[in-house]
Structure formats: structure tokens, C-alpha cells
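Trainee: A single structure is presented below for examination.
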Amino acid sequence: MPRLRPFSRVMLGAGLTLLPLLVFAQDDAGGLRMTLDLSQRFETSDNLALDPTSAGRTTQATTNLSFGLMSETRTQRLAVDVSGALRFADGPGTSSNGFTDPQFGLSYTRTAATARLSFNASLREDDLEFLRPLEDFLNPDGSIDLPDDLADLTGTGTRRNTSADLALNWGDGGPLGFGISAGINDLNYIQSSAGLIDSRRTTLGANVKLRLDPATDLSLGLRQSHFTDDAGDDSDTLGFDAAITRARPNGSISATFLAEDSGDGTRLGLSFGRSLDLPRGSLSATLGVGRSAAGKTYATGNLALRQDLPRGQFTASLQRGFSAGSNDSETVVTSLALAYNQSLTPLTSFGVTLRHGDSTQTVTGISTRNTALSASITHALTEDWGLTAGYTQSFRDEDGVGNASSGTAFLTLDRDFSLRF
Numbered sequence: 006m007p008r009l010r011p012f013s014r015v016m017l018g019a020g021l022t023l024l025p026l027l028v029f030a031q032d033d034a035g036g037l038r039m040t041l042d043l044s045q046r047f048e049t050s051d052n053l054a055l056d057p058t059s060a061g062r063t064t065q066a067t068t069n070l071s072f073g074l075m076s077e078t079r080t081q082r083l084a085v086d087v088s089g090a091l092r093f094a095d096g097p098g099t100s101s102n103g104f105t106d107p108q109f110g111l112s113y114t115r116t117a118a119t120a121r122l123s124f125n126a127s128l129r130e131d132d133l134e135f136l137r138p139l140e141d142f143l144n145p146d147g148s149i150d151l152p153d154d155l156a157d158l159t160g161t162g163t164r165r166n167t168s169a170d171l172a173l174n175w176g177d178g179g180p181l182g183f184g185i186s187a188g189i190n191d192l193n194y195i196q197s198s199a200g201l202i203d204s205r206r207t208t209l210g211a212n213v214k215l216r217l218d219p220a221t222d223l224s225l226g227l228r229q230s231h232f233t234d235d236a237g238d239d240s241d242t243l244g245f246d247a248a249i250t251r252a253r254p255n256g257s258i259s260a261t262f263l264a265e266d267s268g269d270g271t272r273l274g275l276s277f278g279r280s281l282d283l284p285r286g287s288l289s290a291t292l293g294v295g296r297s298a299a300g301k302t303y304a305t306g307n308l309a310l311r312q313d314l315p316r317g318q319f320t321a322s323l324q325r326g327f328s329a330g331s332n333d334s335e336t337v338v339t340s341l342a343l344a345y346n347q348s349l350t351p352l353t354s355f356g357v358t359l360r361h362g363d364s365t366q367t368v369t370g371i372s373t374r375n376t377a378l379s380a381s382i383t384h385a386l387t388e389d390w391g392l393t394a395g396y397t398q399s400f401r402d403e404d405g406v407g408n409a410s411s412g413t414a415f416l417t418l419d420r421d422f423s424l425r426f
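For the sequence shown, the numbering used here gives the first residue as 6, with consecutive numbering after it.
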């Protein structure tokens, strides 16, 4: 049995320490829920590293295990999640067999009649040799949240991301509300073959929300962030945003303005949005224009669509906006996620997904593009056991480096356990 890394032992100890808190948080209105997810994945890829010239085929077997505890009452919610993988791979340059990719997450929310306190913390390690930039950075709603260091995720080594944020809001539901927040994000690279640089970002924010009439809200926000890295970069950014939202019988309309002052210049943005409740789904969209700190103008916006079908579902997510980028260099990020699922029989379903991410530096124009097209068939062996087989074709196009593609065939067996006390 492989020995746990020090970071992994810390996660395990944190989970055991928080268990009494989870039990204590219960009352007659809630309970303690435990989940355990186990999956075994076999896959083979003809260019795992997505290099312009493939070094050869890589075959791997990965056992993924995740464990969660959640306690929820009328006023509190406390959740702890721990996961990791046991990987054995055979291919060019593979050197990280054993326990890998540990993750730890903690979230706590407490609500009162007109106030809300929330805290989130996470620790995550990813093996750069096996990191899939698009698949590994999906939000729960299926949209892609591209990391600032997307263009740097190459070579070997470990990417460790530690983050925490705290927010307090009061006056919820009233004519006047306030909020304050603070956060920290620490990014470390361990034994990176590409010489990636560690960085840290801290943020502070405050906001005011005014109820102009029963259907119209105005919010004003002010935020400040400080960035530093081990290469000596040190910068501060001050931002302001204003948004007005008006509720409609079938959704809402909104307008947003933002301004940010950084060491590279002033960034401006203006957008208009509309959300709709559809008979069998939902649609929200914003369209705007932004001026980068480098003085260039870009179209911005987002689109989120969910449509329930007679025997399936279709979802689409499109986002385009500004990002800090690695080393605090301004980038324009575009992400697209499409997913279609169709039930073939009561036990079998078919799914296809398309994901695309584009990160472009506004000063140099250098762009990194990642695309992945995947198709899979899932069959329920029992009520709790599932079998999935599929194929993914991935592409990477990086200016100055070249084009790369990779085909991956995979087979996954998974089992979910859930207990409530």
C-alpha cells in the first residue's frame, strides 16, 4: 500500500477533527449525511501530454475515492469532502504511480432572519502529467471555470492550489443590505519541469444592495486585490461595479457596469442581461463590451441554457470576459460547454459533450486553445452500480508551440453509497 503524502495526511487529520463539529451541528430539523463514491477507470491515450509530437501511448488504471460528510439544520450547513486517486500508468515519462490528486473541501453557512455568514476553504493537488485542463475545471452546473494558469499547465510536477474565502451579509430581504468579504488564493508548483512560478492573491470586498421598488434592486460593490509571486511581481487592483436588476413575470432584466484600476491600466465593462423561465428549462444571457487595460476593445457576455427533452436534456454554457492570467497578466478568456444526454432504454443512456477554452493575453495576443469532444454510453448494472464506456478526442493549439491532438478510450465502473443518520 503506497504511503500517503504529508499533504494527504493533513487532509485526513482535518476530516477526523471536523467530524465532532458535524455531529454537533445536528438538531431535530436536520441530520448527518455520509456519502462514499468509488470508481475504477481504465483508459488508453495516444498522446497524453498533448505535445505537438506524441511520445507514445499511455495506458493507465485509476481508482478514485471520495468521501463526504454533511450536516444541515434550519440555520446551519456544514460539509466536509475528501477525495484522492490511486493511479498506475504505463507510458513515456510516467513517473507518478501511486496515491495522487488529493483534495479537501470545507464549507459552512449560517443564516438568520436577515443575515448570512459563509466560509469556504479548499486544498487541491493535481499531477500536471495527467491534468486535463477542461475536464478538471468544471463547475457543478457544467460550465467551465478556466484557471488563470491554463497556458502553463504542461510538463511534469504537481500543482497545489489552496484557497479560502469568508463573506458576511446582513439586511437580506430588506430595503437596504450590506456585505463584506475576504479571500486568499495560493498557487504552488512542486518539482515543475517547466519552471512554473508560485503566486498568491488576496482580496477584500464590500457591497451595498438597495431595493428601489418591489421589483428593482440596485447593487454597488468595491473590491481590492493584491498579487505577488516568487519572481518579484507585486501589484494591486482596485475595482468598482454597479448592477441594476428588475424582476419580470417570466425572469429578469439587468444592466452591469464595472471599472478596474490595475498597474497595467484601467479596465472598463458594460453589459445587459435577460433571464427567462422556459416551459421545460431556463435561459439567461448577457451581452456587453469591455475595454482592456491595454486599451483594446472586446465583446463580452455569457449564455446559459437548459432544455429538458422527453427522454433527455441539453445544456449550453458560453462565457467571455477578462481574467487575471498567470503572473497577473491580463487575458481574455472564452469558454464553451455543450452537453446532450439521451435515454436509450430505462437502464442505458447516451451522452455527448463539447468543451472549448481560449485564453488570450491582451498585450501580446498570444493565445492557448483547448478543445475536447467526448461521447459515452452509460448502463446501470444495478441501482447503485454503473458502467460507462466512451471516447474523447482532445486538441491543444498554443501560439508559438504548435498544434497537438490526442485520442482517449476509457471504461469506468462506479458505485455510490449514501447514509443518513
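Cβ coordinates follow ideal geometry from the N, Cα and C atoms, glycine included.
Ends of the beta strand (DSSP E) at S123?
Mentor: Unbroken beta strand (DSSP E) run through S123: A120 to D132.
Trainee: Would you mind stating whether L192 and T163 have Cβ atoms separated by less than 8 Å?
Mentor: No.
Trainee: The beta strand (DSSP E) with A344 in it runs from where to where?
Mentor: Counting along the chain, the beta strand (DSSP E) containing A344 begins and ends at T336 to S348.
Trainee: Among the residues of its own chain, which have a CB less than 6 Å from the CB of F355, if the five just before and after it don't count?
Mentor: Cβ within range, chain order: Q347, L349 and I382.
Trainee: Using the three-state DSSP reduction, which class does D86 fall into: helix, strand or coil?
Mentor: Looking at D86 - three-state DSSP - the assignment turns out to be strand.
Trainee: Are the CB atoms of N125 and D170 nearer to each other than 8 Å?
Mentor: A contact, by the Cβ cut-off of 8 Å.
Trainee: What does the Cβ neighbour count give for T159, buried or exposed, with the cut at 16 atoms within 10 Å?
Mentor: Buried, because 16 or more other Cβ atoms sit within 10 Å of the Cβ of T159.
Trainee: Apart from the five residues on each side of it in sequence, which residues of its chain come closer than 6 Å, Cβ to Cβ, to S423?
Mentor: T40.
Trainee: Taking the DSSP output, what are the residues bridged to A377?
Mentor: Note: A377 sits in a beta bridge opposite R360 and S399.
Trainee: What is the C-beta distance between A414 and Y396, in whole angstroms, given that I count them as a contact (C-beta under 8 Å)?
Mentor: At roughly 5 Å, the Cβ-Cβ gap stays under 8 Å, so A414 and Y396 are in contact.
Trainee: What is the residue span of the beta strand (DSSP E) that A252 lies within?
Mentor: Unbroken beta strand (DSSP E) run through A252: D239 to R253.
Trainee: Leaving out five residues on either side along the sequence, give the residues of the same chain with a beta carbon under 6 Å from the beta carbon of G110.
Mentor: Within the same chain, G110 has close Cβ partners D86 and S127.
Trainee: Would you call the CB atoms of D282 and N255 closer than 8 Å?
Mentor: Against a cut-off of 8 Å, the Cβ pair of N255 and D282 comes out as a contact.
Trainee: Just the Cα atoms here: how many angstroms apart are L24 and S297?
Mentor: Here the model assigns L24 a pLDDT of 47, short of 50, so the residue's position is not dependable, and the following value carries that caveat. Going by the C-alpha atoms only, they are around 47 Å apart.
Trainee: Which residues in the same chain have their Cβ closer than 8 Å to the Cβ of V28, if we skip the five residues on either side of it in sequence?
Mentor: At V28 the pLDDT is 46, less than 50, meaning the model places this residue with poor confidence and gives no usable figure here.
Trainee: Report all residues from its chain with a CB closer than 6 Å to the CB of S71; omit the five preceding and five following residues, and keep chain order.
Mentor: D42 and S88, listed in sequence order.
Trainee: Just how far apart, CA to CA, sit S123 and I189?
Mentor: Using only the alpha carbons, I get a separation of about 15 Å.
Trainee: Here's a check: name, in chain order, each residue in its chain whose Cβ is nearer than 6 Å to the Cβ of T233, leaving out the five neighbours to either side.
Mentor: For T233, where only same-chain residues beyond five positions count, the Cβ hits under 6 Å are R205 and D239.
Trainee: Going by DSSP in three states, D203 sits in which element: helix, strand or coil?
Mentor: The answer is coil: DSSP assigns D203 none of H, G, I, E or B.
Trainee: What separation, rounded to the nearest whole angstrom, lies between the Cα atoms of G427 and T116?
Mentor: Outside the modelled stretch of the chain, which goes from 6 to 426, sits residue 427, for which no answer is possible.
Trainee: DSSP three-state call for L21: helix, strand or coil?
Mentor: Because L21 sits at a pLDDT of 46, beneath the cut-off of 50, its placement in the model cannot be relied upon, and the point is left open.
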